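Numbering (our numbering), first residue to last: 38 to 787.
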C-alpha cells in the first residue's frame, strides 16, 4: 500500500513539474525535490504508515461498528465530513469509473441524487483522477499530498516571477502551503480549490506577461481545474482574490505608464500607454473564458442542482455564516488560545474551523508588519497588505465594507469566512519579499506580536502548551540571525513553526475502523432479493452516506445539496438532530414502505414492532425485514414485471395493464430523468411532489427509465469544442509586446 501511495503522489508530481518546465517556466528539479520533501515530511505519518489521517474512528462510535469496537473516543471528530461524505463519494465515483460510466448519480443516499452535481464530490478533479491507482482510503492521502505540492510549486513560481530568491520563494510557498487554512481543510474539497490560488494568480499574470497560446492554454487548464476540484464557494473567493491582485497590477501598470522612459528597467517600459495596459488583459480573459468552457461539465450541472437543492432553499432564509465576534481576531496570534479539537479542550462558541484559519505563523506576520513600517517598501506591497485587511474584514463580516459585500449576490448565499485564505496568500507573498528587512523594523513589528502571544499563553495556560510559543521562538531566532543566513534559515523556521502547530491536526487513526466486515451486512445480503431494494437505519444506526461503503441504497443522507423536494418529504418521518443529518424515530411510518425500504438496521436491543420481521441479532445490531414492502415501481391497476436495474438511476421493466394507468415510483424526479414506453418518450408526473410517475397504455409495455442530464452532456460538447479550438489555434502572439523579463539563459520564463 505504501508503494502505491508513493507512486500516486510522485508520478503526478513529476508529470506536473515536467509539464511546467516544458511549456511554462523553468522550475529547477532541485527546488521541486525540496518542495516534495517538505510535503512528505509534513504528511509523514499518513504516508509512511498504515494509519489514516481522517476520523474513521468517529463513525465507529455508532452501531453497527460500535458492536465490533466498543466505546470509541475519536481522536479529532471535527473533520468527520471526510469520512461521512468524501470517502463515500470517492467510493461511488471509483465504482462508476470502474464500470466505464460517468459518475453522475449516487444511488446510495437520499433514494438517489446527483453525485457530480452536488458540487463537492469532484469526480472529475485532476487530483482524484491522477491518484486512482491508490486504493481507498489511502487515495485521500495521495490527493492531500498533491494539494500541498501544487500550492508550494505555484506559490514558488509566483514569487520567482516577482524576482524573489529561491529561498524567499520557498519561504512564501511554505507559509501558504502549510498554513492552518490548508491543514484544517486538507482532506476536504475546499483545500483542493484553495491550493490552486497561487496557480490561478500565476497563470493569469503569466498570460499577461507572455500573450501566447501556451499561456492562454495554461490559464484555461488552471481555471478548469479549479472548477473541477469541487468547492464552488472557494472558486468564487479565488476570483475575488485574483481580481484584487490583477487590479493592483493594473494600477502599477498605469503608474509605470506615467514614468515610461524614466528608468532603464525593462519591466518599467512594458506599458507605454494605458491602452497597451488594457490590451495585455486580452490573453488572461481568453484563458478564463476557455477554462470556463473546459470546466463546464463540472460546474454547469452544479448550477442546475443548486437552484433546486435544500441548501439553496435554506440559505435564502438564513445567512450562511454569522458575523464573527471581534474576539476571533485573537486567533491571528494564537488560535490555540481557545483550545484545540485534537486536545479535546476546544472551549469557545465558534467552530474551530471558523476561527483557526486566520493563522499563517507569527514569523510571516511579523515580516508583513515590518514591511508596513519600513521606509523603502514598494507601493505594491502596501496595496497587497491593504487588500488583505479589506478581505479579512469581509470574511469576518466586520465594518460597513464587510456588511455591504456580504449583502450582495452571490456573496449573500455563500460562506465568506473562508475568504481568509486569500489574505494568508497575500501575507505570504509580502513576507517572502521582506526577508532582508532591517532588524530595527523587524524588532518594532515583532514586539506587539511577541507580547500578545506571551499574554495569551499566560492568560489561557489551562488550554495551551509550550509548543504554542514556537512562533515566538521563530521570531526571536530570526531577529538574531546574521543577514547572510536569514533566507534559508527562515524557511526552516517557518516550516518548523507551521509543522509543529499544524501537522498533528489531522490525527492519525487505526485503519481497522475503515469499512470493517459487518455480520449484520452479511446477514442482509443473504436475504437480499434480486429486485432493487433500499435500507434504512433506526436513529443513529448506519450513519447516513456510510451505506455506500457496503453497496446499500439508503433513503437517508447527509448533504445539503440534496433535492429540496425530497428533503421536504424526508422531514415527514425524520428528525434533523444535527445539521443536515436526518434520523428516523418511528420505523412504521408509511413513507418507509413507499420508499421501498425492505431492510431496517437497529441497535442490538431495539424492536421497531409493526410490520418488521427480525432476521438477525448480534453485537453489531438487529436486522429487520418488511417482506411486503412496495416495489420501486408499482401501479394499483397494473402489474410491473421483470424490474431490472443496471446503471444508477436506470431501470427496465415490463408493465401489463388492462387499461391506461399511472405507474408510480419512489425514484426521484430529477432533471435528466426520462421514461420511454415502447421506445417512445412519455411525459413525467410528480408523485408526492418529488418522485417519478408516468402513464402506460393498455396492454403489455416495455419501459425504460434513464438518466440523461443535458446539463452534463451539453457541457461535454462545449468542452470538446473548446479543446478542438485550442488545438487548431495558430501559434502566435495574441496581443502586444511580452514583458522583457528574460535574461538570455535557460532559466527564464518561456
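The beta-carbon is built from N, C-alpha and C at its ideal position, and this holds for glycine as well. On a predicted model such as this, the values are computed, not experimentally measured, just so you know.
Kindly indicate which three-state DSSP category residue 501 falls into: helix, strand or coil?
In the structure shown, residue 501 sits in coil (DSSP, three-state: anything other than H, G, I, E or B).
Does DSSP put residue 690 in a helix, a strand or coil?
Strand, per DSSP.
Extent of the continuous beta strand (DSSP E) run through residue 738:
Here the beta strand (DSSP E) through residue 738 covers 736 to 744.
Can you tell me whether residue 246 is buried or exposed? The criterion is at least 16 other CB atoms within 10 Å of its CB, across all chains shown.
If you draw a 10 Å sphere on the C-beta of residue 246, you find 16 or more other C-beta atoms in it, and that means buried.
Tell me which same chain residues have a C-beta within less than 6 Å of the C-beta of residue 406, skipping the five on either side of it?
Excluding its 5 nearest sequence neighbours in each direction, residue 406 has C-beta neighbours in its own chain below 6 Å: 482, listed in chain order.
Count Cβ pairs between the segment 466 to 482 and the segment 394 to 406 that sit closer than 8 Å; are there 3 or more?
Here the segment 466 to 482 makes contact with the segment 394 to 406; the two share three or more CB pairs at distances below 8 Å.
Once DSSP output is grouped into helix, strand and coil, what is the label at residue 591?
In the structure shown, residue 591 adopts extended strand secondary structure according to DSSP, grouped into three states.
By alpha-carbon positions, which one of 321, 591, 235, 125 ends up nearest to residue 249?
That would be 321, whose Cα lies nearest to the Cα of residue 249.
Once the 5 residues before and after residue 755 are set aside, which same chain residues still bring their CB inside 6 Å of it?
Around residue 755: 330, 333.
Quick test of your reading: residue 699 and residue 672, contact by CB under 8 Å. State the CB separation rounded to the nearest angstrom.
Indeed they touch by this definition, with Cβ atoms about 6 Å apart.
Do residue 640 and residue 555 count as a contact pair if the criterion is CB distance below 9 Å?
Cβ atoms of residue 555 and residue 640: not closer than 9 Å.
Where does residue 383 fall in DSSP's three states?
Here residue 383 sits in coil by DSSP.
Which residues does DSSP pair with residue 713 in a beta bridge?
Paired residue(s): 718, 741.
Which residue or residues does DSSP assign as beta-bridge partners of residue 639?
DSSP, once it has assigned bridges, lists 659 as partnering residue 639.
Collapsed DSSP secondary structure at residue 373 in the structure displayed:
Note: residue 373 maps to helix in three-state DSSP.
Suppose the cutoff is 6 Å on Cβ atoms and the five residues either side in sequence are ignored; what does the same chain contact list for residue 180 look like?
Same-chain partners within the cutoff: 164, 168.
Can you tell me where the beta strand (DSSP E) holding residue 845 begins and where it ends?
Examination of residue 845 is not possible in this model, given that the chain is present from 38 through 787 alone.
Spatial neighbours of residue 715 within its chain, please: CB distance less than 7 Å, with the 5 preceding and 5 following residues excluded, ordered by chain position.
Result list for residue 715: 738, 739, in chain order.
Taking buried to mean at least 16 other C-beta atoms within 10 Å of its own C-beta, is residue 520 buried or exposed?
Exposed, by the Cβ-count rule.
Close beta carbons around residue 411, own chain, < 7 Å, minus the five adjacent residues each side:
Here the set comprises 474, 475, 478.
Is residue 60 helix, strand or coil by DSSP?
Residue 60 falls in the helix class under three-state DSSP.
Pairing CB atoms from the segment 137 to 146 with CB atoms from the segment 587 to 596, are three or more of them under 8 Å?
By the Cβ test, the segment 137 to 146 is in contact with the segment 587 to 596, since at least three Cβ pairs between them sit closer than 8 Å.
Pairwise C-alpha distance: residue 328 and residue 442
In a straight line, the C-alpha of residue 442 is about 26 Å away from that of residue 328.
In whole angstroms, what is the alpha-carbon distance linking residue 540 and residue 498?
If you take the alpha carbons of residue 540 and residue 498, they lie about 22 Å apart.
Residues in the same chain with beta-carbon distance under 6 Å from residue 787, minus the five sequence neighbours each way, listed in chain order, please.
Caution is warranted here: a pLDDT of 28 is assigned to residue 787, below 50, making its placement in the model unreliable, and no coordinate value can be reported.
Tell me whether residue 679 sits in a helix, a strand or coil according to DSSP, three-state version.
In this structure, residue 679 counts as strand in the three-state DSSP scheme.
Where does residue 85 fall in DSSP's three states?
Coil at residue 85, not helix or strand.
Examine the Cβ distances between the segment 92 to 100 and the segment 533 to 550 and report whether three or more of them are shorter than 8 Å.
Yes, since at least three Cβ pairs between the segment 92 to 100 and the segment 533 to 550 fall closer than 8 Å, the two stretches touch.
To the nearest angstrom, how far is it from the Cα of residue 505 to the Cα of residue 384?
Distance from the CA atom of residue 505 to the CA atom of residue 384, rounded to whole angstroms, is 16 Å.
On the premise that residue 600 lies in contact with residue 703, defined as a C-beta separation below 8 Å, what is that separation, rounded to the nearest angstrom?
Not confirmed; about 13 Å, so no contact.
For the beta strand (DSSP E) that residue 621 lies in, which residues bound it at each end?
Bounds of the beta strand (DSSP E) holding residue 621 are 618 to 621.
Run through DSSP, which three-state label would residue 321 get?
Look at residue 321 here: in three-state DSSP terms it is helix.
What residue does the alpha helix (DSSP H) around residue 214 start on, and which one ends it?
Taken as a continuous stretch (DSSP letters only), the alpha helix (DSSP H) holding residue 214 covers 203 to 214.
Could you check if residue 662 is buried or exposed, using at least 16 other CB atoms within 10 Å of its CB as the buried criterion?
By the 16-neighbour rule on beta-carbons within 10 angstroms, residue 662 is buried.
So the beta strand (DSSP E) residue 35 belongs to, where does it begin and stop?
As displayed, the chain neither begins before 38 nor continues past 787, which places residue 35 out of reach and without an answer.
How long is the line joining the alpha carbons of residue 409 and residue 197, rounded to whole angstroms?
Rounded to the nearest angstrom, the two C-alpha atoms are 22 Å apart.
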